[in-house]
Amino acid sequence: MASYLNASEIYENYIVPLINDHRQDLAEARFSVLLREGAWNSRQKTTWSQTELTSTKTQILMLAANPNHEPSNFTISINEEVWRTLEGSDKTRMALIDHELSHCQKGEEDTDGNPKYYLIGHDVEDFFEIVRRHGAWNKSIENILSAYKLSGQQSLDFADPARDADSENEIEVFADDLTPSEDSHDYDSDIPLLSTGVPLGAAQ
Ligand SMILES: [Zn+2]
């Protein structure tokens, strides 16, 4: 079973600089950042990370674990093993967190003037094999290929984590598992461990 650790250093070292440089729209958003320990797989792939709107239930559990917890809008959970494997690959870590922040969006303000936040899915969903066979067969693939060219074609060193990983547990790049918004509010089976006193709190 999984357990969670508060990872406010990820908030300080990655989220804050990314918001300052690229995501001023999220300047007022609050984040809880957790490292998730234990095997974490989804559909035969290792899950690297997950972003959710922080549910009321999670807020209550976090408050129980840490009375100083401040409510957050988003909860970003990072696979602890993946994060550790990426030690020394700071650019990859930054790209991973930037990817998670891309799921986080600010919407209209409510009647009290508080912004409403929501999640969006990936720009591109496809299989390597399909692109290999059919090329850029739709606009989103074409767009991501031009985005890659515009990036200066810098290639991050993401091969190493996969190579170092257990062969039965091979890490896929960006196999983060974005939980669709309709069921993004529950930790389900993880809830009992959240309440067994692992140090938890808002990454504020
Ligand atoms: Zn994602």
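Residue 223 in our numbering is what sits at position 163 of the sequence shown, and the numbering runs on without skipping anything.
By construction, the Cβ of each residue, glycine as well, lies at the ideal position given by its N, Cα and C atoms.
Predicted model only: the values in this text are computed from it and were never measured.
Give every residue of the same chain whose Cβ lies closer than 7 Å to the Cβ of Glu202, excluding the five residues on either side of it in the sequence, and list them in chain order.
As a working note, residue 202 is residue 142 in the sequence shown. The beta carbon of Glu202 sits closer than 7 Å to the beta carbons of Ala196 from its chain, once the five residues preceding and following it are set aside; these are given in chain order.
At the level of alpha carbons, what is the spacing between Tyr64 and Gln84?
Along the sequence shown, read from residue 1 onward, the residue named residue 64 stands at position 4. Along the sequence shown, read from residue 1 onward, the residue named residue 84 stands at position 24. CA-CA distance, Tyr64 to Gln84, rounds to 28 Å.
Does DSSP classify Ile204 as helix, strand or coil?
One-based indexing of the sequence shown puts residue 204 at position 144. Secondary structure of Ile204 (DSSP, three-state): helix.
According to DSSP, residues forming a beta bridge with Tyr71:
Reading the sequence shown from its first residue, position 11 is the one you call residue 71. Secondary-structure assignment with DSSP links Tyr71 through no beta bridge to anything.
Whole-angstrom distance between Glu112 and Thr135, CA atom to CA atom:
By 1-based counting over the sequence shown, the position of residue 135 is 75. By 1-based counting over the sequence shown, the position of residue 112 is 52. C-alpha separation (whole angstroms): 5 Å.
Spatial neighbours of Asp186 within its chain, please: CB distance less than 7 Å, with the 5 preceding and 5 following residues excluded, ordered by chain position.
Residue mapping note: residue 186 aligns to position 126 of the sequence shown, counting from 1. These residues qualify, in order along the chain: Ile201.
Ligand 1 heavy atom lying under 7 Å from the CB of His163
Along the sequence shown, one-based indexing puts residue 163 at 103. Yes, since a heavy atom of ligand 1 falls inside the 7 Å radius drawn around the Cβ of His163.
Could you give the distance in angstroms between the alpha-carbon of Ala62 and the alpha-carbon of Ser102?
By one-based count along the sequence shown, residue 62 stands at place 2. By one-based count along the sequence shown, residue 102 stands at place 42. Spanning the two alpha carbons is a distance of roughly 14 Å.
Note down, one range per segment and in chain order, each beta strand (DSSP E) of at least 3 residues found wholly within the region 160-204.
Complete beta strand (DSSP E) runs here, min 3: 164-169, 175-179.
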